[in-house]
Amino acid sequence: MVYRSILLLAAAVLLTAAIPARAATILEKSVDIEIGADGTTREGSSLRVRMDAATDLAAWSPYPIYFDENRTIESLAAYAITPDGQTLRAELGAAELAGEGKLRASSMIRTARFPALPAGSVLTIETTARQRSDFHADGISLVSEKAPIERLRVAVHGGGRGWRWRLEGSRQGLAVHESAGGVVVTGTSLPALKKERFAPGDRSRGSVLRFAWSEETTWAEVGQWYEKLAATPPADSALVSRTARELTAAGQDRRNRLAALLRFVRDKVRYVAADASIAGHRPTAPGEVLERQWGDCKDKALLLVAMLRAVDLEAYPALIHLGSDERIDTEFPSPFQFNHVVVAVAAGGIAAAGDPVAEGFLFVDPTQAGGSIRWLHPAVQDQYALVIRGAGSRLVRTPIRQETEGGRIDARLALTPQGDAEGEASFEISGDAGAAFAGAFAGSAASEIEPAVREVFGQLLPGAELSQVQWTISQADVPSVTLSAHVRFAAQSGGSRSFGLPPMSGTPGLAVLQDRESPVVLEPKSNHYSWRIEIPAGWCPPQPETVEVGNAVGTFRQSVSSHGKVVEIGRDLEIRQRWIEPAAFADLKALSAADHAESQRRIRLDCGTSAAVAGGI
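Sequential numbering from 26 applies to the sequence shown in this note's numbering.
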């Protein structure tokens, strides 16, 4: 239902979800990888997990074992031993990793579902798998977010020509033994990753062993490898060229040509996640994608590149990681760090101010829903993209466009002598959250949408009575949804002449940063709040006041002013960084301190008092 699908979207503009609890203890994790002469690998793994409480089982059952058309499971055993020595076999099953709109999936999972178990039971999962891939590289996480690891052993051997490895992250608790064509990493008493708010994802925390046995050792060589892979299906197609010319009018400028073809590929070529990864599967020929009018991210990207080149626009596919809480290891060239493909267009003669441009390239995503050239989804902002240009392939860091993400609240209220407040309020949500709202609203009846809008207002304006609830959707340059309503607030008890703004802090609290060692990952955004409050006769406006903080992380500004009997309060918060290392925490703390302090203030309207004093809402 619409109500459930957007219930927390408004809060997501400001906050993150709760942290799940840790479960169980990993007694042993063992992985042994043998690299064959033909480049395939055979992997044997064993995992033993103790359920420290009966409730721990929910985090481990059903347990997934991944496979696809390039990875086959040769053997699988899963069982549990209870504290009294009873052996209970897990029920084995299989499922396709298919989501909405997916026609087929090469990605599957075997599942091991365990029966109800008492505390102290030990789960064991043992597998052997064989894998082949077009690019010879892989990686293994050496820590777990789910539970601490008592004993760890990861061994890789058989690497010949092109063998290389890299241990990313902390080596604390780990011992490394290197040999010709191999490496063994062991560890004892490894703590679980801290479950912190605003933390990077699993791939970017802890320790990861990366290894490769390919001859492509630079990013340029990885780009050449992918270019050959992408060239396997012929890119030239009379249908592609003809369609591109038909969609672009004679004399049309370069920007409008890009806009027309981008809109066509987004709207007319349906996105279908037919495969799980981009590195192990060749893309489909652009002509075939155009003819059938569906494809995955790499299919749509290569089709757009072919169409742009057909109308004399310079464009290249770009491998990128989709996901704002992860980043790639730039010191270990490999396509397996990417999970998405976008398009890099030569920006000269096309880009305008505010476009997502970096190092001469304008980045567009043909799988993205909504928006114009100006809007790039935040999940691919501030990420390293490998622009595929043969020997000239290189990493380019995509820009941050915080001004396209966030929310704007406008309220126009009149206070009565009794302390009631009544007027109009609107909430504009733009960017990613705006696109999500628009998608949730699409095709839904008003009877479904209105309860969701009321719930959003209930979160933003606690205690408000609502009437005349309305909503509008815009798919202009940046997707946005505007919610509006007539609102009424009952007078607070005590008869105090004051007005408390709803708490709307958009930064982590200072407690989140206390003694923190891991980076903080935020969503760059630009939030604006404007309140215009008409006060009754006998009430006095506050003295003007402005609080302002600005640094490399972002800016915060709150101003209180008055014009006759009208009090105006403005609050602006802009976050300009996504990945904030501990070295920059001083700037983040300064921003957070001002943001949270002002969120806890009441505007006093008693004659002769100061503009604002500390206190609850």
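A virtual CB, placed ideally from N, CA and C, is assigned to each residue, including glycine.
Buried or exposed: His588, going by 16 or more other Cβ atoms within 10 Å of its Cβ?
Exposed, because fewer than 16 other Cβ atoms sit within 10 Å of the Cβ of His588.
Is it true that the CB of Pro342 sits closer than 8 Å to the CB of Ala255?
Going by C-beta atoms, Ala255 is nearer than 8 Å to Pro342.
According to the neighbour-count rule (16 or more other Cβ atoms, all chains shown, within 10 Å of its Cβ), is Asp631 buried or exposed?
Result: exposed.
What would DSSP say about Val330, mapped onto helix, strand or coil?
Helix at Val330.
With the cut-off set at 8 Å, would you say Val512 and Ala450 are in Cβ contact?
It is a contact, given that the beta carbons lie within the stated cut-off.
Under DSSP, the alpha helix (DSSP H) around Leu82 begins and ends at which residues?
No alpha helix (DSSP H) contains Leu82, which DSSP labels as neither H nor E.
Apart from the five residues just before and just after Arg601, which ones in its own chain have a Cβ nearer than 7 Å to its Cβ?
Taken in chain order, the residues that qualify are Ile425, Gln427, Pro549, Val578, Gly579.
Taking Cβ to Cβ, would you say Gly207 is nearer than 8 Å to Gly184?
Yes, they are a contact pair.
Starting from Glu447, trace the beta strand (DSSP E) in both directions and tell me its first and last residue.
Looking at the DSSP string, the run of the beta strand (DSSP E) that includes Glu447 is 446-455.
Have a look at His202 and Glu68 and give me their C-alpha separation to the nearest angstrom.
One C-alpha to the other measures close to 19 Å.
Can you give the Cα-Cα distance for Ile353 and Glu193, rounded to whole angstroms?
Those two C-alpha atoms are separated by around 11 Å.
Could you give the uninterrupted runs of the beta strand (DSSP E) lying entirely in the stretch 87-147, keeping only those of 3 residues or more?
With a minimum length of 3 residues, the continuous beta strand (DSSP E) runs that stay inside the stretch 87-147 are 88-92, 96-106, 112-114, 116-121, 133-138.
Would you give the residue range spanned by the alpha helix (DSSP H) that Thr268 belongs to?
Where Thr268 is concerned, the enclosing alpha helix (DSSP H) stretches over 263-272.
Below 8 Å on the Cβ atoms is my guess for Val592 versus Ile558; work out the distance and round it to an integer in Å.
Between Ile558 and Val592 the Cβ distance is about 5 Å, and since that is below 8 Å, they are a contact.
Can you tell me where the alpha helix (DSSP H) with Asp390 in it begins and where it stops?
It is not in any alpha helix (DSSP H) - Asp390 carries neither H nor E in the DSSP assignment.
Residues in the same chain with beta-carbon distance under 7 Å from Ala269, minus the five sequence neighbours each way, listed in chain order, please.
Within the same chain, Ala269 has close Cβ partners Leu286, Met332, Ala335, Val336.
Who does Thr646 pair with in a DSSP beta bridge?
With the chain covering 26 to 642 only, the question about residue 646 has no answer from this structure.
What are the start and end residues of the alpha helix (DSSP H) that includes Phe289?
279-293 is the extent of the alpha helix (DSSP H) around Phe289.
Do Arg629 and Ser659 count as a contact pair if the criterion is CB distance below 8 Å?
In the structure as shown, the chain starts at 26 and stops at 642, and residue 659 therefore has no counterpart that could be examined.
Between which two residues does the alpha helix (DSSP H) carrying Lys550 extend?
Where Lys550 is concerned, there is no enclosing alpha helix (DSSP H), although the beta strand (DSSP E) it sits in stretches over 550-559.
As a quick exercise: from Lys325, Ala536, Ile60, pick the residue whose alpha carbon is nearest that of Ala298.
With distances taken between Cα atoms, Ala298 lies closest to Lys325.
Can you find the residues in the same chain that come closer than 7 Å, C-beta to C-beta, to Glu99, ignoring five residues on each side of it along the sequence?
Cβ within range, chain order: Thr153, Ala154, Arg155.
Would you kindly report the start and end of the unbroken beta strand (DSSP E) that includes Trp250?
Not the beta strand (DSSP E): Trp250 falls in the alpha helix (DSSP H), residues 244-256.
For the putative contact between Ala162 and Ser86, defined by C-beta atoms under 8 Å, what is the C-beta separation to the nearest angstrom?
Between Ser86 and Ala162 the Cβ distance is about 31 Å, and since that is not below 8 Å, they are no contact.
Report yes or no: do the stretch 172-179 and the stretch 49-61 share at least 3 C-beta pairs separated by less than 8 Å?
They touch, by the three-pair rule.
Buried or exposed: which applies to Ala205, given that a residue is buried once 16 or more other Cβ atoms fall within 10 Å of its Cβ?
So Ala205 ends up on the exposed side.
Have a look at Leu616 and Thr97 and give me their C-alpha separation to the nearest angstrom.
Computed Cα separation, rounded: 51 Å.
Going by beta carbon distance, what residues of the same chain come within less than 7 Å of Arg138, once the five residues before and after it are set aside?
For Arg138, where only same-chain residues beyond five positions count, the Cβ hits under 7 Å are Ser86, Pro87, Ala115, Glu116, Gly118.
Just checking Leu616 against the ligand SAH - is the residue's beta carbon closer than 7 Å to any of the ligand's heavy atoms?
Inclusion of the ligand SAH in the displayed structure is not the case, the ligand content being empty and no account of it being possible.
Would you please state the rounded distance, in angstroms, between the beta carbons of Glu480 and Ser455? I believe it to be under 8 Å.
Contact doesn't hold; Cβ gap of about 20 Å is too wide.
Between the C-alpha atoms of Val367 and Arg295, what's the straight-line distance to the nearest angstrom?
Roughly 15 Å separates the two Cα atoms.
Identify every residue that forms a DSSP beta bridge with Glu356.
Answer is none; Glu356 lacks a bridge partner.
By Cβ distance, which residues of its chain are closer than 6 Å to Arg414, with the 5 residues on each side in sequence left out?
Closer than 6 Å at the Cβ level, and outside the excluded window around Arg414, lie Tyr341.
Using the C-alpha atoms, what's the distance from Ser229 back to Glu241?
If I take the Cα positions, the gap works out to 23 Å.
Cα-Cα, which of Val247, Asp109, Arg626 is closest to Pro528?
Cα-wise, what sits closest to Pro528 is Arg626.
Which two residues bound the contiguous alpha helix (DSSP H) that contains Val481?
Start and end: 471-485.
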